Amino acid sequence: MGREVTESKARDTIYWGAVRLQDHNFVMAITDVGLGYLQFQKDDSRDGVDVESWQAFTQWARKLVHPSGWIQQEDKLKPYMQQVDEYLRGDRSIFSLALDLRGTSFQQSVWRALHEIDHGQTVSYSQVAQSIDKSSAVRAVGTAIGANPVLIVVPCHRVVGKDGALTGYRGGLGNKEKLLQLERLGK
Numbered sequence: 044m045g046r047e048v049t050e051s052k053a054r055d056t057i058y059w060g061a062v063r064l065q066d067h068n069f070v071m072a073i074t075d076v077g078l079g080y081l082q083f084q085k086d087d088s089r090d091g092v093d094v095e096s097w098q099a100f101t102q103w104a105r106k107l108v109h110p111s112g113w114i115q116q117e118d119k120l121k122p123y124m125q126q127v128d129e130y131l132r133g134d135r136s137i138f139s140l141a142l143d144l145r146g147t148s149f150q151q152s153v154w155r156a157l158h159e160i161d162h163g164q165t166v167s168y169s170q171v172a173q174s175i176d177k178s179s180a181v182r183a184v185g186t187a188i189g190a191n192p193v194l195i196v197v198p199c200h201r202v203v204g205k206d207g208a209l210t211g212y213r214g215g216l217g218n219k220e221k222l223l224q225l226e227r228l229g230k
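Whatever position you read off the sequence shown (first residue = 1), add 43 for the numbering used here.
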C-alpha cells in the first residue's frame with residue numbers, strides 16, 4: 044500500500060464536481076497534483092450539492108485557492124471517478140491515484156498509517172497511534188482521522204473502536220458499515 048502522502052504547495056486551480064457513483068452522491072475535487080477531496084454528500088437523494096456538503100467543501104477549498112480558482116468540471120475528474128466506482132462495485136482494492144493531501148505533519152503521518160491498513164481489515168484508533176509511535180495521542184489520532192479530506196481512498200473507514208464497534212465517520216456510520224461490508228465480501 045505505502046502511498047506517499049506529502050504536504051502540498053499552493054495551487055491556482057481546483058477542479059471539482061458533484062458526482063454520483065453506485066447510488067452515492069459525492070463532492071470530489073482535484074488539483075494539478077492529484078485528488079484532494081472526496082466526501083459523501085449528506086443528501087443522497089438529489090442532484091447537485093446539498094448545503095452542508097457545499098459548506099464543508101468550500102471550507103476545505105478556501106484553504107488552498109481563492110474561489111475564483113474553483114472550476115466545476117466533472118470531465119477532469121473521470122479517471123478518479125472510475126477508480127472509486129470500481130472500488131464501490133467491489134472490483135478494486137488498491138488505488139493508483141495521485142493524491143494531493145494537505146495537512147499538518149502529524150495529520151500526514153496518520154494518513155500515511157491509514158494507507159498501511161489492508162483492504163478488508165480494521166484496526167483501532169490506539170493501534171494507529173502505536174503505528175506512528177504516538178501511543179498516548181489516541182484522541183489526536185482520532186482528530187486527524189476525522190480531518191481526512193479524501194474518504195475511501197485514504198481508508199479511514201477501516202478504523203474502529205478498541206472493542207471493534209463502529210465509531211465516528213465523516214461520511215456517516217451507515218456508509219462506513221457499507222464500505223466495511225463491501226471489503227469483507229471482496230476478500
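Idealized CB from N, CA, C, for every residue including glycine. Owing to the predicted nature of the structure, the values given are computational and were not obtained by experimental measurement.
Residue j beta carbon less than 7 Å from that of residue i
i, j, result
"residue 64", "residue 131", "yes"
"residue 169", "residue 205", "yes"
"residue 165", "residue 203", "yes"
"residue 183", "residue 150", "no"
Paired residues, beta bridge with residue i - DSSP
i, result
"residue 63", "68"
"residue 113", "57"
"residue 137", "Partner(s): none; residue 137 has no beta bridge."
6 Å Cβ shell around residue i - same chain, five flanking residues per side excluded
i, result
"residue 176", "none"
"residue 85", "93, 95, 96"
"residue 216", "209"
"residue 138", "126, 196"
Neighbourhood of residue i by C-beta distance below 8 Å, restricted to the same chain and skipping five residues each side
i, result
"residue 193", "78, 79, 80, 81, 142, 144"
"residue 104", "57, 59, 72, 80, 110, 113"
"residue 91", "61"
Rounded distance between the beta-carbons of residue j and residue i, thought under 8 Å
i, j, result
"residue 180", "residue 172", "5 Å"
"residue 228", "residue 220", "Actually they are not in contact, since the Cβ atoms of residue 228 and residue 220 sit about 13 Å apart, beyond 8 Å."
Sequence-distant residues of the same chain with beta carbon closer than 7 Å to residue i, five excluded per side
i, result
"residue 62", "69, 71, 117, 120, 124"
Complete runs of the alpha helix (DSSP H) confined to the segment 141-186 [at least 4 residues]: Taking only runs of at least 4 residues, the alpha helix (DSSP H) segments lying wholly in the segment 141-186 are 148-157, 168-174.
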